[in-house]
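Notes for the one structure printed next.
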Amino acid sequence: MSVPTQKRFKNPRAQHDFKGRTCSIVAVGSYVPERVLTNADLEKMMDTSDEWITTRTGIKERRIAADNEFTSDIGAKAALLAMKRADIAPDQIDLIIVATITPDMLFPSTACLVQQKIGAKRAAAFDIEAACSGFIYGLEIGQQFIMSRTYDTVLVIGAEKLSSIIDWTDRNTGVLFGDGGGAAILQNRPDSHGLLTACMGADGSKGGLLSMPAGGSQCPATAKSVSDRLHYLRMDGKETFKNAVNAMYKAANEVLQRCELEISQIKCVIPHQANRRIIDAVAERLNAKPEQVFINLEKYGNTSAASVAIALDEAVQCGRIQSGDLLLLLVFGAGLTWGAAVIEW
Ligand code: UT7
């Protein structure tokens, strides 16, 4: 992978180096809460079984945050680890983007709370809400600020405390999700891991497939909204499944074509960790070999915006990814939203 990126990719949108500017992921970090909730634990809480959860999803356990541990704490811990690895001081950070569907509160933003917790006093801060696609949306937004020379150092975080919006009486959703966070630091650093291209997509007409109906302006919190259990995540699993496979497959092709890459050139595919069967179906359609695909959902379940960020960090830490490897990140989530990114590590 020593060929200069500019020569390898003809499409300017796929160029790592654009008018002397580069967007690199200089470090990643992640954090998951200590408490483990196993399938055996869930068997005692609802009408389900380890056998059903394992065969239908691949999930064996997930992490659950402590009562006094919030999304901003989870995001801040992941960010501090990434900052340490990148040797970045808090006052070097220009912008903090937090992707989450479980903000500490509706406002102020979780990004502002993280800013205070990591001491990044100079940074601008805002949240984005693209559900499970949030981390790639965040990378793409961060990249635009780096490439436009607006900022030099952007911190992108995907963090969730999904246990706060899970209906533990609903076996259709209660077994699927977990808490955690991942972070990446973006800088203009030609010598570091390059974010080559990213794409984002959305289809609002299918928003009803996966939503939390109450708590916003359409259905503010009332005694009735609480007793009707409207403050929990709801999902039409089967339709979501079909859309997930199609959208991630299309997004993968879009970024591969932009970069003029074949799937065989990708060292590691890191898909959104929602369901093992979704990942297998996408990999099969892409003609990706099982050994190309990174999966860690058995340990964490679906952590929404944190999912690919945690997986990317783990893939790096366990040595699955080496310098110069090409990575393909794929996401899909409520909205509907989806996205893909190619990274040269
Ligand atoms: O991150 C955002 C994107 N989210 C996703 O991508 C999730 C997409 N969807 C899925 O992963 C799958 O659709 C699920 C895992 C949610 C469900 O798997 P499925 O194979 O689509 O099952 P199903 O919903 O069709 O349910 C099959 C059966 C039903 O029973 P009957 O009607 O056949 O008697 C369900 O009631 O399995 C039953 N069931 C369960 N049984 C035991 C559903 N959930 C459970 C459970 N334990 N937890």
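Letter 106 of the sequence shown, counting from 1, is numbered 1124 in my numbering, and no numbers are missing. Backbone N, C-alpha and C define an ideal beta-carbon position, used for all residues, glycine too. No experiment lies behind these values; they were computed from the predicted model shown.
Ranked by Cα distance from ASP1109, the options LYS1139, THR1118, ALA1201 and HIS1211 are led by LYS1139. By the neighbour-count criterion, in which a residue is buried when 16 or more other Cβ atoms sit within 10 angstroms of its Cβ, LYS1260 is exposed. Residue side-chain check: VAL1193 places its Cβ nearer than 7 Å to a non-hydrogen atom of ligand 1.
The C-beta distance from LEU1098 to ALA1142 rounds to 19 Å, too long to fall under 8 Å, and the pair is not in contact. Within the same chain, Cβ atoms closer than 6 Å to the Cβ of THR1171 are found at GLN1110, ILE1111, ASP1112 and GLN1205, the five residues on either side in sequence being excluded. In the displayed model, ILE1043 falls within a strand according to three-state DSSP.
Contact between VAL1044 and VAL1334 does not hold, since the beta-carbon distance rounds to 12 Å and is not under 8 Å. Rounded to the nearest angstrom, the gap between the Cα atoms of ILE1339 and GLN1134 is 33 Å.
When DSSP states are grouped into helix, strand and coil, LEU1348 belongs to the strand group. In this structure, the CA atom of VAL1244 is about 35 Å from the CA atom of ASN1264.
In the assembly as shown, SER1282 is an exposed residue. Its beta-carbon has fewer than 16 other beta-carbons within 10 Å. DSSP, reduced to helix, strand and coil, places PHE1163 within a helical segment of the structure shown.
Counted as a single uninterrupted DSSP element, the alpha helix (DSSP H) harbouring GLU1272 occupies residues 1255-1276. Annotation: the continuous alpha helix (DSSP H) that includes LEU1304 extends over 1294-1304. Nearest neighbour of PHE1195 by Cα position, chosen from ALA1084, ALA1324, ASN1320 and CYS1041, turns out to be ASN1320. Cα atoms of CYS1336 and GLN1236: separation of roughly 45 Å, rounded to the nearest angstrom. For HIS1211, DSSP records a beta bridge to ILE1043. For secondary structure counted as the beta strand (DSSP E) over 3 or more consecutive residues, the region 1130-1192 holds these complete runs in sequence order: 1142-1146 and 1171-1178. When C-alpha distances from PHE1144 are compared across PRO1121, LEU1157 and VAL1116, the shortest belongs to VAL1116.
The alpha-carbon separation between ILE1119 and GLU1332 amounts to approximately 22 Å. Taken from the Cβ of PHE1163, every heavy atom of ligand 1 lies 7 Å or farther away. About 11 Å separates the beta carbon of ILE1203 from that of LEU1157, a gap too long to meet the 8 Å contact definition. In this structure, the beta-carbon distance from GLY1219 to GLY1199 does not fall below 8 Å.
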